[in-house]
Amino acid sequence: MGAFVPPASPSGESRTGRPAAAPRVKDAALTIPRGVAQVDFQSNYWTGLIFVIALFAGGWQFGVFGLLGTVTATLTAHLLGVTWDRVSMGLEGFNGTLIGIGLVLYLGASWMTAALVVGGAVAGGVLTAALNTVLKPYDLPTFTAPFCVVTTVVVIGAPAFERVWAGHPDTPPPSAADPGTALSWHEFWQGWFSGIGQVFFQDEWYVGLIFLAGLAVASRLVAATALAASLIGLLVGWWFGAQAADLGAGLYGYNAVLTGIALTGTFVALSRAGAAYAAVGAATAAGLTAGLTVLFDAVGGHTLTWPFVLVTWVFLAAVPIFSRIRRAA
Amino acid sequence: MGAFVPPASPSGESRTGRPAAAPRVKDAALTIPRGVAQVDFQSNYWTGLIFVIALFAGGWQFGVFGLLGTVTATLTAHLLGVTWDRVSMGLEGFNGTLIGIGLVLYLGASWMTAALVVGGAVAGGVLTAALNTVLKPYDLPTFTAPFCVVTTVVVIGAPAFERVWAGHPDTPPPSAADPGTALSWHEFWQGWFSGIGQVFFQDEWYVGLIFLAGLAVASRLVAATALAASLIGLLVGWWFGAQAADLGAGLYGYNAVLTGIALTGTFVALSRAGAAYAAVGAATAAGLTAGLTVLFDAVGGHTLTWPFVLVTWVFLAAVPIFSRIRRAA
Amino acid sequence: MGAFVPPASPSGESRTGRPAAAPRVKDAALTIPRGVAQVDFQSNYWTGLIFVIALFAGGWQFGVFGLLGTVTATLTAHLLGVTWDRVSMGLEGFNGTLIGIGLVLYLGASWMTAALVVGGAVAGGVLTAALNTVLKPYDLPTFTAPFCVVTTVVVIGAPAFERVWAGHPDTPPPSAADPGTALSWHEFWQGWFSGIGQVFFQDEWYVGLIFLAGLAVASRLVAATALAASLIGLLVGWWFGAQAADLGAGLYGYNAVLTGIALTGTFVALSRAGAAYAAVGAATAAGLTAGLTVLFDAVGGHTLTWPFVLVTWVFLAAVPIFSRIRRAA
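Chains as they are written, first to last, in the working numbering: chain A, 851 to 1179; chain B, 851 to 1179; chain C, 851 to 1179.
See the structure below:
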């Protein structure tokens, strides 16, 4: 996880063991926006703050529940004794962010959902630690797998619990109301930006644009990669004949965006072969989206960021076998 | 697996290589009750004998098929050359016990089921060895995963085979006949004890009480933990609004019981933080029960002890990351 | 993977670094039939050529798409820098062969399917590398897992894509048109040979016979093992009461054939205990076929060679625990 260089080095005071209460409080507070930014692999807290603004622009509940999840997950990790290196970089927060957003999206804003977000973020923290142990021999990060597992289990299990399922919103795909595969110009450009916002399950194009601005603050390369990968995902879906309304909502873009960023400079060293590798990875993630959506539909689950997690694990695990591709230092 | 201290050390005779036929026969015979006791992580053969009595109290078929599975699995492991350390402690028997009970429950008592129990116990023995190889780097035991895999596969595949499926009993959940979420006092206290009996798929409260007595013979701490964990599972299910009849049958308790025992002193060192960790684990296992039940229903499978296996693997694998939690010596 | 001895050692010229264009071209060309032969663990290119003839005997599309997949997968691995040792033995080709055959079987012969075969073979090459990294600590080969994953994902996802799903053939099991469990003599002997052909998803008995001839060219032991394992699979299915038409099409044989060959001399050392182990493995694979078929039916997937992959991984991973069974040198 050496790819996440902190934007500011720790103060000299804390290194020498002297009291440094103020910086520590600031450091602790900054773990939260950094946690939100880590959903897109960034540790820049300005990026995280812009992401929080984007969440509130998408709906107050996404901002509130996303922050609740981030705080709970970060606190859980700290209380259980995870090293401060990981906690301060936000690496223990981002799965909590997504658990908060995912559960409020599929179960609705209620006190019961808030309790589930707290419980889910605690379970996600334990799962993060467990996956880190299992994946360490292969030098793979957990990515958003803890979020995917916790949210899948809760959403699939929810109908069994009367008090959890009561008042849940319907969340059919956009194509349910508007079927057809002819892609309009509006759907095309809106889907391009929405693909970036759908990383946080936001389907409005202007919310995607705010997220893009947040990425650009952290790194222009990352922002450009996100745009390119969202386009790849959109084109793959369109070429295979996916539903136009789903393409327009960015549903084929967000897994490509995450895969593209992960494989372009973040975990794979930049090179011509590396860029081609990342493009193939982004296209694979978009293609996998359809298969997993059908699979999860059968049991009432959702695709979430499973395609990104699975494809990126496979593409990173394969690197040592391929002499032309190198892991980032 | 150092947690399983044998109740009696091997005789001096066998150590020096002299003939010791009688103790060996006794030792071999004791592997069977120990195998049954290991379902609840105990190696005390008195505990195993009480468990066998409880099985017969639940129904002759559970006792007979459970013993058939235990004997077959233990013999398979011995014939294939597994070390006597593992075999004598009953560690090669308990998955066979559960395979016998699970298959007779879902397929009915018949000669065909008996043949499947023998075949399943052999396959379970091979699977135990394979999982031990895979899990060794992470220092995780197999738990009841071999039972879960074999029983899931056989039960899901059974409808494809006319001679296997003929005469299978219907096994709907209790809530199918008696829906509703208002928990009566009777359901509450019966569910508390049934949660302990459901570890062996027994739904009568007095059978659960016999199992509790067996646990108390081995260790009062384990018996108290089982009671506490069954209560946690019951309360989690009730709070989320699960079906009262399912709660009363102990369906939300047994995975919490197994998880609670595993994380309290057995594999995690006793401490305040450890007890809280075990309580969170037990609650997580109860919550996971609903998700997995819905998932398996879609394909005709059953929940079995999957929630316990998955949650306890995750909670144990996470221990090295958490400085406040320690593995048992 | 030391079991695959090349039929001809590399020429002396290439060892000393002198130009050896002609042998290299021949070597490169031979990777293709060797890739096809590796579906059955053989590296003999004559075997591969006979297999290609068998595929064309089954239908031109199986030959053409199978070769397309083999070439694409082999080229992908070579371009990404996989060692020539693996590429020249055909070990990077066989998953591509099966991806080509599987996709044309379930999606129909079209340019879109050809594009999917190319994309699938590239993804399969990356997945092969990733699985090799993950399985190396356990000394397990990937087997046909990359084929199974890619084909499952594409076939399950296909209905979401209008241009992919258009014109797909219906592929119900033979028993759908001809239900019943009374096995005729014709079904018995045809199923015996078809079990060998179904490794390549060919259901005609004479195609199975050509594949058997190809195996006999490589090794009489392998051919005899294939016959014995196909019979075991047939008998297991028949004894449990499987549909006679499915038995006659070899659907219970092919996973037993692959498991039998893998566990008899290929990866497990030949011995009496080893032969019994292989027979139990072949029977387990046949039994597992039914469970996985029901499971995949629920989501529109197919059984493919999943039973072989899962059973053989388990039986090989268990070897170190069993003192009577040894891995092949």
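Glycine included, C-beta positions come from ideal geometry on N, C-alpha and C.
- Within the segment 989-1005 of chain A, not one residue has a Cβ closer than 7 Å to any Cβ of chain C.
- Ala1076/A is positioned such that its CB atom lies closer than 7 Å to that of Val1107/A.
- Sixteen is the threshold: when 16 or more other Cβ atoms of the shown chains lie within 10 Å of the Cβ of Val972/C, as they do, the residue is buried.
- For Thr1134/A, at least one C-beta of chain C is nearer than 7 Å to its own C-beta.
- For Arg1176/A, the three-state secondary structure derived from DSSP is coil.
- Around the beta carbon of Trp1163/B, 16 or more other beta carbons lie within 10 angstroms, which makes this residue buried.
- For Val902/B, the three-state secondary structure derived from DSSP is helix.
- Within its own chain, the residues whose Cβ lies closer than 7 Å to the Cβ of Ile1175/B, once the five positions on either side in sequence are excluded, are Val1118, Ala1123, Gly1124, Tyr1127 and Val1169, listed in chain order.
- Leu899/C is the residue among Ala964/C, Leu899/C and Val875/C whose C-alpha sits nearest the C-alpha of Arg884/C.
- When rounded, the separation of the alpha-carbon atoms in Gly1041/B and Phe997/B is 24 Å.
- In the DSSP annotation of this structure, the continuous segment of the alpha helix (DSSP H) that includes Thr983/C starts and ends at Trp961 to Leu985.
- When DSSP states are grouped into helix, strand and coil, Val932/B belongs to the coil group.
- Contact check for Val1014/B and Met939/B: beta-carbon distance about 33 Å, past the 8 Å limit, so the pair fails to qualify.
- Residue range Glu1012 to Trp1015 is occupied by the alpha helix (DSSP H) that includes Glu1012/B.
- For Phe891/B, the closest alpha carbon among the candidates Ala907/B, Gly1151/B and Thr1109/B is that of Thr1109/B.
- With a cutoff of 7 Å on beta-carbon distance, Ser1080/B and Gly1045/B are scored as near each other.
- Take the alpha-carbon of Thr992/C and the one of Val967/C: they are about 20 Å apart.
- Inter-segment contact for the segment 946-961 of chain B and the segment 1127-1137 of chain B is absent: fewer than three beta-carbon pairs are separated by less than 8 Å.
- Contact between Ala923/A and Gly974/A holds, with the beta-carbon distance rounding to 6 Å and staying under 8 Å.
- Thr1153/A is positioned such that its CB atom lies closer than 7 Å to that of Leu1142/A.
- Rounded to whole angstroms, the Cβ separation of Thr994/C and Val1159/C is 6 Å, and the two are in contact under 8 Å.
- In the structure shown, Val1118/C adopts extended strand secondary structure according to DSSP, grouped into three states.
- Near chain A, meaning a CB-to-CB distance below 7 Å, the residues of the segment 931-953 of chain C are Gly931 and Val932.
- In the three-state reduction of the DSSP assignment, Asn894/B falls in the coil class, being assigned neither a helical nor a strand state.
- For Phe1011/B, a Cβ of chain C is located within less than 7 Å of the residue's own Cβ.
- The C-alpha of Phe1051/B lies about 25 Å from the C-alpha of Leu990/B.
- In the structure shown, Asp1028/A adopts coil according to DSSP, grouped into three states.
- Excluding sequence positions up to five before and after Trp1156/B, its CB lies within less than 7 Å of the CB of Cys998 and Leu1142, all in the same chain and listed in chain order.
- Collapsing the DSSP output to three states places Thr1021/C in coil.
- Secondary structure of His1152/C (DSSP, three-state): coil.
- Secondary structure of Glu942/B (DSSP, three-state): coil.
- Within the segment 910-928 of chain A, not one residue has a Cβ closer than 7 Å to any Cβ of chain C.
- For Phe997/B, the secondary structure class from DSSP, reduced to helix, strand or coil, is helix.
- At a cut-off of 7 Å between C-beta atoms, Gly1151/A does not count as an interface residue with respect to chain C.
- Between Gly1151/C and Thr978/C, the gap from beta carbon to beta carbon reaches 7 Å or more.
- Chain C has a Cβ within less than 7 Å of the Cβ of Gly1007/B.
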